Each structure stands twice: as structure tokens, then as C-alpha cells.
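*Asks:* In the working numbering, the protein residues as written are 7 to 88.
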Amino acid sequence: MPAPAPLTAPYFWSDQYEVRIQVAGHVAPGAEPEVVEGDIDSRSFTAVYRREGTPVAVLSLNQPKFFNRLRRTLVPAAAAVS
Numbered sequence: 007m008p009a010p011a012p013l014t015a016p017y018f019w020s021d022q023y024e025v026r027i028q029v030a031g032h033v034a035p036g037a038e039p040e041v042v043e044g045d046i047d048s049r050s051f052t053a054v055y056r057r058e059g060t061p062v063a064v065l066s067l068n069q070p071k072f073f074n075r076l077r078r079t080l081v082p083a084a085a086a087v088s
């Protein structure tokens, strides 16, 4: 019997005009956002949402490399919301 696939955080992206929007994870109730790179006003930033100190979601505008690095650190959905 094959081993079950590891849990991964859900992910989606969209290109809207000149903006690449990427989101991974679940923004659980009580999750606190923190901009960790870039600046919201410049339309180039990455924010991490944490629940009880644990990263549960990442939101990024125009920072695909930084986003992908942080996306790999997310706690899988089942563990983050339980």
C-alpha cells in the first residue's frame, strides 16, 4: 500500500493587469497578518498570517520568489486549523 501523500497548503494565483497575486494556506480566525517584505503602497509586498505564532498563510503581490520560499514553511491545512 503506498504511503499517503503529504498534506500541503492550498494555493492560488492570479495575474491582474501588472500585479501578480499569490495566496497559500488558510487565513484562520484569529490569524494575525504581518508584512515581512516590501511595502503595501508600492504594490510589491509579502505578508505572513500567523495563528498562535505559527505561519498559516502567505499573501504576496509581485514577489513570487520570496512568496515561494515562505510557502514551503507553512503548516499543512489540517494541522493549522485543528
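Ideal Cβ placement from N, Cα and C applies to all residues, glycine included.
A quick note: this is a predicted structure, and the numbers were derived from the prediction, not measured.
What are the boundary residues of the beta strand (DSSP E) that Leu76 is part of?
*Replies:* Taken as a continuous stretch (DSSP letters only), Leu76 belongs to no beta strand (DSSP E), being part of the alpha helix (DSSP H) at 70-77.
*Asks:* Tell whether a beta-carbon distance below 7 Å holds between Arg56 and Glu43.
*Replies:* No, Cβ-Cβ distance for Arg56 and Glu43 is not below 7 Å.
*Asks:* Just confirm the distance between the C-beta atoms of Leu67 and Arg78, as a whole number of angstroms; I'd bet it's less than 8 Å.
*Replies:* With 8 Å as the limit, Leu67 and Arg78 do not qualify as a contact, their Cβ atoms being about 19 Å apart.
*Asks:* My assumption, with CB atoms under 8 Å, is that Phe73 sits in contact with Val64. Please give the rounded CB distance.
*Replies:* Confirmed, Cβ separation roughly 6 Å.
*Asks:* Cα-Cα, which of Asp21, Gln28, Pro61, Thr14 is closest to Ala4?
*Replies:* No statement about residue 4 is possible, as the shown extent of the chain runs from 7 to 88 and does not include it.
*Asks:* Should Arg77 be flagged as near chain C, meaning a C-beta pair shorter than 7 Å?
*Replies:* Checking the listed chains, one finds no chain C in this structure; it contains a single protein chain.
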